[in-house]
Structures are given as C-alpha cells and as structure tokens.
Amino acid sequence: MSGLQSKYQRAAWGGVNRAAVFCLLAILLASLAAAFPAGAQQRREREPNSVYAQRRAKLAAQADGPILLLGYTGREEESQSYVFAQEENFYYLTGHNEEGAALLLLPGGKTWVPKPETREKMKSSTIDGGLAPEILFLPAKDRRKEVWNGLRMSPEDPDITPKTAFGTVFPYSELRAIMEVLALEFPTVYTVLPYQRELGGYPHEKEVVDWLKQAVPQENVKDIRSNITDLRLIKSPTELVLLRQAIDLSLDAQLEAMKMMRPGLWEYQVAAKMVEVHAMGGSEIEAYAPIVGAGPNSTALHYDKLSRKIQDGDIVVMDVGAQYSGYAADITRTIPANGKFTPRQREIYEIVLGAQTAALAALKPGTIMGCRDKKNSLFNVAYNYINSHGKDPHGKSLGQYFIHGLGHNIGLNVHDPGDSCRPLQPGMVVTVEPGVYIPEENLGVRIEDDVLVTDTGYELLSRKLTRDPDEIEKIMAAAAKQRAAAETKQ
Ligand SMILES: [Mn+2]
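In the working numbering, the protein residues as written are 920 to 1409.
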C-alpha cells in the first residue's frame, strides 16, 4: 500500500507519462478494491440449515420482545489482508458469512400481525400482511460490487429461501422502518449489549446500540448475550465434526513440527510449516497467531514474534491451532530443540504432565474448571499437583509459576464464551492446559489438550498425538535419523 502511494507521488510530480497513467490506474484499482471488502473466509463446511433454525427458535422462545442482531459490515478493519469473517453470535444463529446482514427474531414463533392502531401509524407497506417470526436482512443486489467481489446472496435471489432456510429475506434498507413499527407494540428490544466494563468490549456492539437509540429511541434495549452463550456452550453433533477436524489438523501440524525441530531453525520457520499443514488440510485461517517460543521465549505466554534462531539446549513451546470451517482448535506441545530433554527440562515437563493427568482424571460433568476459590476445581487439582512437586532454583514451590487459568471453552472462538466457575456439562469442549514458566531458567512448559465433556467423563479429542516425553524423544530421534540419511544421499 505504501509502495503504491510513493509511486503515485513520483508520477504526479513527474508529469503525465505512461508510467504515471499505469500507476494511477493501479491506484484506482487498489482503492476500489479497498472500498469493497474482498470475499469472506471460504469455510469448507457448514452445519445444516435446520441446526441454525433450531437455535433461533430456542432463542426466540426466551424473549418477550424482538431480538435484533447485526452482522459485521466488512469495514471492521482497513488492512488489505483482511478477510471477512462473520460476527460469531450472528454466524452461530444463521451460518451466514457475508457482510452487511441483520437478523430479526420475533417472540412466539408465529407471524406477527400489527394491531389496527399500529397499522394506522405505519409508514411502510412492507408489513401490511404481518411479519414472519424470523427475518434475514441482506444488502440489495449490487452488480457493480459483484464484479469485484464475486456473487453475494441477496434478497432478490430466486433460491434465497432454500439457501438460507429463511422464509423471509428483506433488503437491509427495510430494517429501520420495520423496527420503528415494532416499537409501536413492543416496549423492549433485545440485542448483544457491550460489556459493562472499561472500554465496553468491541466497537460493533456499541454501534448496534447507537443505531437502535437513533432508530427507536423509546425502546428498552436489553441484553441477549448470555442466552446465546448458554446455547454456544453445548456443542451440536455437527459442530463437533468441525472441531474434530480443526483439532486433527493441528495435531498433524504439531507432529510435523516435532519431526523438523532442530537447533538452527528460526521460530517462524517452525510456525510456517505448521500453518502449511493446516492450510493444506482445508483450514481457512489460524485459530490465533501461532506461538512458537524457544528458550527464554518459552516463558512468554502469548509470544508471537517468532524471531529467535532456535538454540541447542532450548526448550520450545508450540501453541498453534487451526481454524476449520469457523471452529478453533487450541493445542500446545513443548519439546526439546535438540531432541533430548535436559534432566531439569524433563523434571518440569513431568510435573506439568502430572498436573494435566490429575486434572483430567477428575474431569466429569458437575466439576468446575477454573474457579480458584472453589476447593475442588480442576484448576486447584492442577495447582496443588504443581505446588507439591519440584522446586525452583531457590528451593521454593512451583505453584507461583503456574500463572494462567487451567482452560477455557473452544468453539467459534478459541476463547469461546463461558464461565470457568460453572459446572461442566456434557457437550462442552474445553482445553486443559497447565503450565510452569520459570524465566530465571529460560524454562517454560505448557501442555494443552482439547476435551469433550461426556455423560460419564470426557473424551480426549487430541489423543492421537503423544504427550509422553519418551515418545516425543523417539519421534524426534527417528526424524533426525531420516534427515541425516537424506543428507548423506545428496
Ligand atoms: Mn488455550
């Protein structure tokens, strides 16, 4: 982008010539492309429309007024590498991954017919015959935009109902008038409110509330976030299919990283291989910026600079996960750069593994994951294990070096909404990720696996990749041998 700008400046000062015309054209093209966002993340799969419809019906049954959710606009970022991905609550309820959409759910699940006195005040004729209980609003067809961005779904599409499973799809431009009419009968409208804390969360939520305040200033605006979160906590069978695929790809990538790992590689090269494995397997994007931290960087929890040349004797934390069709895996393995843990690295590794094993052994429906003040929480099981095994260089217990939570929900977000003080329920998918980080020793170890809570306990979704230190050393030794053999052949 900045390259184009400087070219433009030179051309403008140098008078009109072919290069200048070419540059101007290039700039024109670039600015047009910037004005209209590029296509959305190409997710390979999607849940069936009936699953999204069931969620909407459940949600609508919980509210005594209309529920309005706005999708992202496509103007959330100005970066040229931005690829549109839908607001997660909106996606969860619609499976729709295009910009500029809105979702309106009416309470009761029946067609809403305006009262006669409402009808008299109505300015729009769109809803004379009543309103369907759920309506998708999409931008009107814009062929000029489609030249750039490819086809978009629009209300005019003849097959829009079977495609979206919405009986009613209106142009977005109708939304305001419809909200004004609904406000004549419903005193309350529900949406996802910004968090009541500093800075209020993401700008999108504030923008929706601002829009409502302008469009229907007399309405009470109430929060529907926790109702949606309650649904998102329990994964559907089809969500589990997508999550398993994200996790499997991440494990494949972790295995490749184990095999290639050696002193002399750069952290970014290890990450690049893992990203390649994800992408070749159909992952549309990383679930989060890859963390590959060697030596001192192993103790920085979200280290993503990836700029160290990996040294002999380093321990390497690899917290890297794929996103597959919208769903995020979150997997960490910690391995020795040269293929052999030092005694101290192994000692700390085994303590972290022991803590994870202890937490998993206690994991079942009804247990609490994270709450530090709940005596029997899985966090405390892991913490107590770490704190009662091993010592730091000063003879102190290691609990103080377990500096983050034990785990979190995963789903459409790598940190899916949820409450770590809430008892686990069958159908939740959580990470279990104890860690010990001792900066003084350049020694950080995290082991992170993904777990489905079942009726009786759990299923380890990431079981196909070992956590056993002997196994890890074996895999790395075999790969080193193969590398050496390939090198002598050449
Ligand atoms: Mn995690």
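Here a beta-carbon is modelled for each residue, glycine too, at the ideal position from N, C-alpha and C.
Buried or exposed, going by whether 16 or more other CB atoms sit within 10 Å of the CB of residue i?
i: Lys1224; result: exposed
i: Ile1046; result: buried
i: Pro888; result: Residue coverage of the chain in this structure runs from 920 to 1409, which leaves residue 888 outside it and unanswerable.
i: Arg1365; result: buried
i: Ala952; result: Reliability of the predicted coordinates at Ala952 is poor, the pLDDT of 43 falling under 50, and no value is obtained from them.
i: Gly990; result: buried
i: Asp1387; result: exposed
i: Asp1369; result: buried
i: Glu1006; result: buried
i: Met1199; result: exposed
i: Ala1172; result: buried
i: Ala1102; result: buried
i: Arg1291; result: exposed
i: Asp1233; result: buried
i: Gly1330; result: buried
i: Arg962; result: buried
i: His1015; result: buried
i: Pro985; result: buried
i: Lys1154; result: buried
i: Val1397; result: Note that residue 1397 is Ala in the sequence shown, not Val. Per the 10 Å Cβ criterion, exposed.
i: Ala954; result: Bear in mind that a pLDDT of 45 at Ala954, under 50, signals an unreliable position, so the model cannot answer this.
i: Asp1238; result: buried
i: Pro1077; result: exposed
i: Leu1055; result: buried
i: Gly1337; result: buried
i: Thr1080; result: exposed
i: Ala1403; result: exposed
i: Arg1252; result: buried
i: Arg1363; result: According to the sequence provided, residue 1363 is Gly. The question's Arg does not apply to it. By the 10 Å Cβ count, Gly1363 comes out buried.
i: Met1395; result: buried
i: Val1333; result: buried
i: Gln1401; result: exposed
i: His1327; result: buried
i: Glu1158; result: buried
So, are the CB atoms of residue i and residue j less than 9 angstroms apart?
i: Asp1374; j: Leu1152; result: no
i: Ser1244; j: Arg965; result: yes
i: Leu1168; j: Gly1214; result: no
i: Glu1352; j: His1308; result: no
i: Ala1020; j: Ala959; result: no
i: Glu1138; j: Phe1089; result: no
i: Val1211; j: Val1196; result: no
i: Glu1093; j: Ala979; result: no
i: Leu1050; j: Arg1071; result: no
i: Gly1289; j: Leu1317; result: no
i: Ile1287; j: Leu1379; result: no
i: Ser1296; j: Cys1340; result: yes
i: Tyr1011; j: Leu1174; result: no
i: Glu1186; j: Ser1226; result: yes
i: Ala1059; j: Pro1074; result: yes
i: Gly1285; j: Ala1399; result: no
Could you tell me which residues DSSP puts in a beta bridge with residue i?
i: Gly997; result: The sequence as given places Glu at residue 997; Gly does not occur at that position. Answer is none; Glu997 lacks a bridge partner.
i: Thr1107; result: Asn1139
i: Met1237; result: Val1211, Arg1252
i: Ile1017; result: A small fix is needed here, since residue 1017 is Glu in this sequence, not Ile. Note: Glu1017 sits in no beta bridge, so no partner.
i: Pro1342; result: Ile1287
i: Val1372; result: Tyr1377
i: Gly1245; result: In DSSP, Gly1245 forms no bridge with anything.
i: Arg1365; result: Gly1354
i: Ile867; result: With the chain covering 920 to 1409 only, the question about residue 867 has no answer from this structure.
i: Ala959; result: Phe1003
i: His1328; result: It should be noted that the sequence gives Asn, not His, for residue 1328. In DSSP, Asn1328 forms a bridge with Val1349.
i: Glu1205; result: Ala1241
i: Leu988; result: Leu1022
i: Lys1228; result: Trp1185
i: Trp1031; result: Leu1050
My understanding is that residue i touches residue j, with C-beta atoms under 8 angstroms, so please give their C-beta distance in whole angstroms.
i: Pro1191; j: Ala1241; result: The residue you asked about is not Pro; residue 1191 is Ala in the sequence shown. Their Cβ separation, rounded to whole angstroms, is 14 angstroms, which puts Ala1191 and Ala1241 out of contact at 8 angstroms.
i: Ile1143; j: Tyr1109; result: 4 angstroms
i: Val1271; j: Val1355; result: 5 angstroms
i: Leu1162; j: Val1348; result: 6 angstroms
i: Ile1357; j: Thr1218; result: 7 angstroms
i: Lys1283; j: Tyr1377; result: 7 angstroms
i: Val1140; j: Leu1112; result: 7 angstroms
i: Lys1383; j: Leu1170; result: 5 angstroms
i: Leu1024; j: Thr1013; result: About 11 angstroms; that fails the 8 angstroms criterion.
Of all Cβ atoms in chain B, is any one closer than 9 angstroms to the Cβ of residue i?
i: His1323; result: As a matter of chain content, chain B is missing from the structure shown, which is built from one protein chain.
Does the structure place the region 1198 to 1210 close enough to the region 1274 to 1288 that three or more beta carbon pairs sit under 8 angstroms?
No: fewer than three Cβ pairs fall under 8 angstroms.
Under 8 angstroms, with one C-beta from each stretch per pair, do the region 1179 to 1187 and the region 1030 to 1041 reach the 3-pair mark?
Judged by pairs of C-beta atoms under 8 angstroms, the region 1179 to 1187 does not touch the region 1030 to 1041, as fewer than three such pairs exist.
Please determine if the region 1024 to 1033 and the region 1062 to 1080 are in contact, where contact requires at least 3 C-beta pairs separated by less than 8 angstroms.
These segments do not touch.
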